[in-house]
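In the numbering used here, the protein residues as written are 3 to 603.
Here the structure is laid out as structure tokens; the discussion comes afterwards.
In structure tokens:
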């Protein structure tokens, strides 16, 4: 692996343009596991990886770090690999090339080949969707492992019989206690803030991330069984319905809370007037209002921020805003719900999806009566889906809550550095490792220039379109096109984009292309949200939308799990939808076939 001390970025001015030869942090590729992808990890790290995240998640001067190690722990716990199959000196599951995070697809394919009832092709379908340009799987002599297959089978047996994830609930209690017992960061010294944040990550992140990956991979098991049974019974379209309305999905919970806040705002003339002005400065305006309904709204919103304030765009990065650090982000989403009709209430859709799931499950269970073994496995898969798919979102939420507590400590450090002129921005700590931040605290001389240079590199690389797949060595940055220079053919009237079905149902509405969840005000209730990706900051926009179309994603991506919970027709892996679907066009979203059709310009 390479760190910032071993690589040098080149930043040159050329008519105002920034040219970058290398990003300031990067890992090596793997000869044994050569295929890497942006699938799934592109929703976690849509932007280049900041230095601070690279330090605690990927690797630092001391070697590989928590996220990579957590991935390995999860695979070993599954029984799919042993630790000695992974290189002890470099990342082989999580990589950073040209500044962007990649996930090793070769390792995932081997898991598919070793897991009973799965294959590399099944894994490709789960993680790549219908993305083009994916190299064919080529078996390696060491891919097969009877010992691993037997161990995975034992783990699968446990997954199909367990009724709850008690460890995950205990982890939730741990991170909630961190929030409840948050120290007064204003009273802590500079070095103490950094030490507190690093210690919290060192103590908890590897375990929480491992839990997240362990549960995520096991969530593919019931989904696969249900899909196979539905296909065998000649009803493949029912698989999505049997994976919907599961309840207790942590990443959907903020939408339910926001809906209630939106109803409060819509019922009060004073609040309605404040919201009608627009989202900018809304939180400040609300603080200046008086009245019983206003006080009740403010109290409910404060409770919301305590419970869900850790969520936000690009929330795995400590340098990015959340609903607690920038409450206007949450208020903008609440504003969209305020304008939605009662029929869009997420609780009603969830109840409908849950009822359909129960009815279909019972019906198809009865159809398998002649094959008791298949019937028993199908019933077990239905139960397991209700455990592991919500469990996936809960384990992710636990990770995000932990990162947010560290974020709050680092923001205090950043504010102090801005006041002293050491940092240009409060979040400039993202451009430094923890060790470098400690050096800044001890002696700030010269560090502002380092931060500004790295930020320039970060900004330049963010404007480049990274490859979706890397096989072997990543191409040099000089070969990456600028995002704004990529031309695609727009979809004409009567033409379609084909993606991956996410949530059943067919909807029609005006397409609204939204590229940044910071400003959702362009989306009107009943329109179709067309987005580049969907982390939880986008989720509240699902509620007022009549349908959702996403550039990337796969059957277990965040967008699909949440859309199934909220009952919103959804299509993911609709490549370049944000560029090809004309903004304002009338479109039809078919969540059963994965087809998005332009009906009218």
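Even for Gly, the Cβ is constructed at its ideal location relative to N, Cα and C.
Item, Value
"Just to confirm my understanding: we take residue 231, look at its own chain, exclude 5 residues before and 5 after, and list those with CB closer than 6 Å. What are they?", "380"
"How long is the line joining the alpha carbons of residue 474 and residue 139, rounded to whole angstroms?", "14 Å"
"Which residues in the same chain as residue 437 place their Cβ atom closer than 6 Å to its Cβ, once the five residues preceding and following it in sequence are excluded?", "none"
"Opposite residue 498 in the DSSP bridges: which residues?", "599"
"Considering only their Cβ atoms, is the gap separating residue 39 from residue 105 smaller than 8 Å?", "yes"
"Name the DSSP bridge partner or partners of residue 69?", "Note: residue 69 sits in no beta bridge, so no partner."
"Taking the alpha helix (DSSP H) that residue 349 belongs to, which residues open and close that run?", "348-369"
"Going by other Cβ atoms of all chains shown within 10 Å of its Cβ, with 16 needed for buried, is residue 459 buried or exposed?", "buried"
"Given this structure, state the Cα-to-Cα distance separating residue 487 from residue 150, to the nearest angstrom.", "47 Å"
"Compare the C-alpha of residue 468 against each of 457, 456, 483 and 454 and name the closest.", "483"
"Quick one: using the 10 Å Cβ neighbour count with 16 as the cut-off for buried, is residue 209 buried or exposed?", "buried"
"Which whole runs of the beta strand (DSSP E) in the segment 455-534 are 3 residues long or more, in chain order?", "471-473, 498-500, 502-505, 508-515 and 530-533"
"Can at least three beta-carbon pairs, one atom from the segment 339-358 and one from the segment 215-225, be found at a separation below 8 Å?", "no"
"Answer with buried or exposed for residue 114, where buried requires no fewer than 16 other C-beta atoms within 10 angstroms of its C-beta.", "buried"
"Determine the direct distance from the alpha carbon of residue 72 to that of residue 62, and round the result to whole angstroms.", "15 Å"
"Quick check: residue 398 and residue 253, are their CB atoms within less than 8 Å of each other?", "yes"
"Can you tell me where the beta strand (DSSP E) holding residue 139 begins and where it ends?", "First-last for residue 139: undefined, no H or E at that position."
"Can at least three beta-carbon pairs, one atom from the segment 506-522 and one from the segment 580-597, be found at a separation below 8 Å?", "yes"
"What are the boundary residues of the alpha helix (DSSP H) that includes residue 592?", "Element bounds for residue 592: not the alpha helix (DSSP H) but the beta strand (DSSP E), 588-592."
"Measuring only the C-alpha atoms, how far is residue 1 from residue 497?", "The structure shown does not extend to residue 1, since the chain is modelled only from 3 to 603, so the question has no answer here."
"Let's see if you can read the secondary structure: which residues bound the beta strand (DSSP E) around residue 549?", "549-552"
"Is it right to say residue 233 is buried, meaning 16 or more other beta carbons lie within 10 angstroms of its own, or is it exposed?", "exposed"
"When the Cα atoms are used, what is the spatial distance from residue 295 to residue 421?", "38 Å"
"Can you tell me whether residue 240 is buried or exposed, with buried defined as 16 or more other CB within 10 angstroms of its CB?", "buried"
"What is the DSSP secondary structure of residue 232, counted as helix, strand or coil?", "helix"
"Give every residue of the same chain whose Cβ lies closer than 6 Å to the Cβ of residue 32, excluding the five residues on either side of it in the sequence, and list them in chain order.", "94"
"Taking 8 Å as the limit between beta carbons, can you name the residues of its chain near residue 485, skipping five residues before and five after?", "465, 466 and 467"
"Below 8 Å on the Cβ atoms is my contact criterion, and I expect residue 574 with residue 598 to pass it. Report the Cβ-Cβ distance as a whole number of Å.", "No, residue 574 and residue 598 are not in contact; Cβ-Cβ is about 11 Å, not under 8 Å."
"Take residue 83 and list the residues in its own chain whose beta-carbon comes closer than 6 Å to its own, dropping the five residues that flank it on each side.", "77"
"Going by beta carbon distance, what residues of the same chain come within less than 7 Å of residue 535, once the five residues before and after it are set aside?", "44, 45, 48, 552, 553 and 554"
"Here's the rule: buried if 16 or more other CB atoms are within 10 angstroms of the residue's CB, otherwise exposed. What is residue 160?", "exposed"
"Does DSSP classify residue 146 as helix, strand or coil?", "coil"
"Pull up the distance between the alpha-carbon of residue 441 and that of residue 523, whole angstroms please.", "42 Å"
"Looking at C-beta atoms only, is the number of pairs between the segment 50-70 and the segment 21-37 that lie closer than 8 Å three or more?", "yes"
"Give every residue of the same chain whose Cβ lies closer than 8 Å to the Cβ of residue 135, excluding the five residues on either side of it in the sequence, and list them in chain order.", "470 and 471"
"Taking Cβ positions, are residue 548 and residue 529 nearer each other than 8 Å?", "yes"
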